[in-house]
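Numbering (UniProt numbering), first residue to last: 1 to 321.
In what follows, a single structure is set out as C-alpha cells and then discussed.
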Amino acid sequence: MSTGRAAQRAGRRTPGPGGAAGRPNVWAARSPCDPRCVAADAARVPAARALRRTAAFGAVVAGAFADSGRLGDPEVLRARAQDVLDALGVTLDRRGGALSAPGPTGTLIVANHISWLDIVALLAVEPVTMLAKRQVGQWPLVGTLVRRAGTLFIDRDSLRELPATVARIAGLLRAGRSVMVFPQGVTWCQGTGGPFRRATFQAALDAGAPVRPVTLDYFQRRRPTTVAAFVGDDDFAGSLRRVVRAADLSVRVTVHGAVLPVPGTDDRRGLAARARAAVAGAPGFATPVPRAHGPGAHGPGARETGAFGPAFPAVVPPAGR
1 MSTGRAAQRA
11 GRRTPGPGGA
21 AGRPNVWAAR
31 SPCDPRCVAA
41 DAARVPAARA
51 LRRTAAFGAV
61 VAGAFADSGR
71 LGDPEVLRAR
81 AQDVLDALGV
91 TLDRRGGALS
101 APGPTGTLIV
111 ANHISWLDIV
121 ALLAVEPVTM
131 LAKRQVGQWP
141 LVGTLVRRAG
151 TLFIDRDSLR
161 ELPATVARIA
171 GLLRAGRSVM
181 VFPQGVTWCQ
191 GTGGPFRRAT
201 FQAALDAGAP
211 VRPVTLDYFQ
221 RRRPTTVAAF
231 VGDDDFAGSL
241 RRVVRAADLS
251 VRVTVHGAVL
261 PVPGTDDRRG
271 LAARARAAVA
281 GAPGFATPVP
291 RAHGPGAHGP
301 GARETGAFGP
311 AFPAVVPPAG
321 R
C-alpha cells in the first residue's frame, strides 16, 4: 500500500460492529450513514476562496506543529482550535454555559458525533480531556490537537481495555478533570441517531461526577446540512475538501444542564438514557421521513433533524474568511 493511501485509511471509520475478528463487543456501534448521506448539492464558495482557506489551514497546521510544546496550555489549545475553524471559514455558534459543571469533581461531557470538526469545535469552547479511538491521533492537525490535550486513546475492538479505561476516566473525574466522550461510538450524518453506549457512564457513577449533555449541529445559511459529516468509508482528505468548499458553514454547540447521578437510584443504563434524552431533546429535534440514498438507504428514524435551540447565543464568525 502506498504511503498516501495508508494516510487516507488512517482517517477512516473503524471496522464494522464486530471489529477485525467479527465478534460484537460493548464498544461496537453501527450507523447506517455513509458518504451518500453527505450533501452533494451544498452551497460552495468560489474556487479562489477555497484555495485561500486551504492555504490558511496549511498555515495553521504548520503553526500548530511549530508551537506543539505549548498546546498543553488550555488557552493556547483553545486558540489553536478556533484558528482551525477560522481558517476553514466555519462559524462557531455557542449556546449555553461552560462544558464543565462547577463542583469538586470533573464533568463527564457527552455529545452526539457527526464529524471530525466536532472535536475542534468542542476544544474551541473549552479544552478538556477527550476519549477517542486510536485512529484519531493519526489525523492531520486534529490528531496533534487531541494528543496535546491529553486525549485517552482506546481500541474500540478490544474488550479487555474496557475496565481499565472506565477506571482511568473515573480517576480523572475524581481529580477534577473533565472528560469528553462520544457515546454513540460512531458518527451519524446528522442529529442523535443510535443508542448511547453505557460503559463510560459507569465512570461518572463511580466518581460521583455530573454528566453534561451537549448537542452538535451543522448549518449552511441557517439550514441543517450534512456537508461536514464524516461517515462510513469517508476519508479525512475528502471530508476536508468538502468543508473548505462549503459556503456559510456553522457548527452549533448547545450545552444543556448537567445531569446529576442519583446515589442508590441511577445505574449506567438509566444515566445514559437521561443524557441521550437531553441531547436529542434540544428544541427542534424531530424524526423526519429519511432521504433515500439508493441501495442500503436509511430505515425509518435512522436520521434526525438538527436543533434550532434558543437563547444564550455566542456566535464566533470566522476571522475574515
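Yeah, the Cβ is synthetic: ideal placement off N, Cα and C, and Gly gets one too.
Values in this document were obtained by computation on a predicted structure and should not be read as measured data.
Query raised in the report: What is the rounded straight-line gap between the Cα of G150 and the Cα of K133?
Result: Pairing G150 with K133, the inter-Cα distance amounts to about 13 Å.
Query raised in the report: Exposed or buried, which one is D233 when buried takes at least 16 other CB atoms within 10 Å?
Result: A residue is called buried when at least 16 other Cβ atoms come within 10 angstroms of its Cβ; D233 does not meet this threshold and is exposed.
Query raised in the report: Going by other Cβ atoms of all chains shown within 10 Å of its Cβ, with 16 needed for buried, is T265 buried or exposed?
Result: Around the beta-carbon of T265, fewer than 16 other beta-carbon atoms lie within 10 Å, marking it exposed.
Query raised in the report: Starting from residue 372 and walking both ways along the beta strand (DSSP E), at which residues does that stretch end?
Result: The displayed coordinates of the chain run from 1 to 321. Any statement about residue 372 would go beyond what the structure contains.
Requested in this report: Spatial neighbours of Q202 within its chain, please: CB distance less than 7 Å, with the 5 preceding and 5 following residues excluded, ordered by chain position.
Outcome: Take Q202, set aside five residues on each side of it, and the residues of its chain with a beta-carbon closer than 7 Å to its own are V166 and R268, in chain order.
**Report entry** Inter-residue spacing [alpha-carbon to alpha-carbon] between A286 and A280
**Finding:** Model confidence at A286 stands at a pLDDT of 33, short of 50, so the residue's coordinates are unreliable and nothing is read from them.
Query raised in the report: Which stretch, first to last residue, makes up the alpha helix (DSSP H) that contains F236?
Result: Per DSSP, F236 is one residue of the alpha helix (DSSP H) stretching across F236 to R245.
Query raised in the report: Mapping DSSP to helix, strand and coil, what is V181?
Result: If DSSP states are grouped into helix, strand and coil, V181 belongs with the strands.
Query raised in the report: What is the rounded straight-line gap between the Cα of S68 and the Cα of E75?
Result: Between S68 and E75, the C-alpha separation is close to 13 Å.
Query raised in the report: Is it right to say F57 is buried, meaning 16 or more other beta carbons lie within 10 angstroms of its own, or is it exposed?
Result: F57 is buried by the Cβ-count criterion.
Query raised in the report: Looking at the unbroken beta strand (DSSP E) that takes in P127, where does it start and where does it end?
Result: Careful: P127 lies outside any beta strand (DSSP E) and carries neither H nor E.
Query - Residue interval of the beta strand (DSSP E) (run including A111) - result: Annotation: the continuous beta strand (DSSP E) that includes A111 extends over L108 to A111.
Query - Cβ pair count under 8 Å reaching 3, the stretch 195 to 213 against the stretch 85 to 92 - result: The stretch 195 to 213, when compared against the stretch 85 to 92, does not touch it at the 8 Å Cβ threshold.
**Report entry** Rounded separation between V211 and V255 - CA only
**Finding:** Cα to Cα, V211 sits roughly 11 Å from V255.
Report task. Note the first and the last residue of the continuous alpha helix (DSSP H) segment covering D233. Result -> Under the DSSP assignment, D233 falls outside any alpha helix (DSSP H); it carries neither an H nor an E label.
Query raised in the report: Three or more beta-carbon pairs under 8 Å between the stretch 206 to 222 and the stretch 46 to 53, yes or no?
Result: Cβ pair count under 8 Å is below three, so no.
Query raised in the report: When we look at the beta-carbon of F65 and count the other beta-carbons within 10 Å, is it buried (16 or more) or exposed?
Result: Counting Cβ neighbours within 10 Å, F65 comes out exposed, since fewer than 16 surround it.
Query raised in the report: Which same chain residues, not among the five before or five after A204, have their C-beta less than 7 Å away from its C-beta?
Result: Answer for A204: L108, L173, V211, P261 and L271, listed in chain order.
Query - C-beta contact flag for F230 and W116 at 8 Å - result: Yes, the pair counts as a contact, with Cβ atoms nearer than the cut-off.
Query - Supposed contact pair S178 and T129 - C-beta distance, whole angstroms, cut 8 Å - result: Rounded, the Cβ-Cβ distance is 7 Å, consistent with contact.
Query raised in the report: Among P224, A121, A62 and N112, which residue has its Cα nearest to the Cα of A81?
Result: Comparing Cα positions, the closest option is A121.
Query raised in the report: Leaving out five residues before and five after L249 in sequence, what residues of the same chain have Cβ atoms less than 6 Å from its Cβ?
Result: Cβ neighbours of L249 beyond the five flanking positions: V90 and Q220.
Requested in this report: Look at V181 and V244 and say whether their C-beta atoms are less than 8 Å apart.
Outcome: Cβ distance not < 8 Å, so V181 and V244 don't count as in contact.
Query raised in the report: The beta strand (DSSP E) with D73 in it runs from where to where?
Result: Annotation for D73: no beta strand (DSSP E) segment contains it, and DSSP assigns it neither H nor E.
Query raised in the report: Using a Cβ-Cβ cut-off of 6 Å (strictly less than) and excluding sequence neighbours within five positions of R252, which residues of its own chain qualify?
Result: Closer than 6 Å at the Cβ level, and outside the excluded window around R252, lie D93 and D217.
Requested in this report: Leaving out five residues on either side along the sequence, give the residues of the same chain with a beta carbon under 8 Å from the beta carbon of S100.
Outcome: G106, T107, I109, E126, V128, S178 and R212, listed in sequence order.
**Report entry** Pair within 8 Å by beta-carbon distance, A275 and V45
**Finding:** No, these two residues do not count as a Cβ contact at 8 Å.
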